[in-house]
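Our numbering numbers the first residue of the sequence shown as 1 and each following residue consecutively.
All C-beta atoms, glycine included, are put in the ideal place defined by N, C-alpha and C.
Here the structure is a predicted model, which means the values were calculated and not measured.
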Amino acid sequence: MKLHYYPETDSLYMEIKPIPGAETIEVTEGLNVDLDADGRVVGFDIDQASRRLDLRTLETEALPLHSVKAG
């Protein structure tokens with residue numbers, strides 16, 4: 001899973017699978033879900049992310065991580 005922040009649009013994309021989405025569904029205003037051709041979630045897009053989320057920290061709990069990358 002990867003998090004992508006785009007400051008020019010203030011959007012945060014949470015990439016669940018590294019494949020292109022075939023369909024986007026607006027769950028609620030400012031939250032979209034990308035689905036693959038089989039209807040499985042591949043990512044979430046959050047508009048106005050800095051207004052909706054605290055982007056200053058990132059915390060995880062009980063994730064079976066094999067590596068952590070920052071960049």
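**Completely contained alpha helix (DSSP H) runs for the region 40-71, where each covers 4 or more residues** = Complete alpha helix (DSSP H) runs here, min 4: 49-52.
**Prompt:** Measuring CB to CB, does Leu35 end up less than 8 angstroms from Ala22?
**Reply:** Yes. Within cutoff.
**Asked** For Leu12, is the classification buried or exposed, using 16 other Cβ atoms within 10 angstroms of its Cβ as the cut-off for buried?
**Response** Counting C-beta atoms within 10 angstroms of its own C-beta, Leu12 has 16 or more neighbours from the protein chains shown and is therefore classed as buried.
**Request:** Quick one: give me the first and last residue of the beta strand (DSSP E) that Met1 is part of.
**Result:** Per DSSP, Met1 is not a residue of any beta strand (DSSP E), being assigned neither H nor E.
**Asked** In this structure, does DSSP put Asp34 in helix, strand or coil?
**Response** The three-state secondary structure of Asp34, taken from DSSP, is strand.
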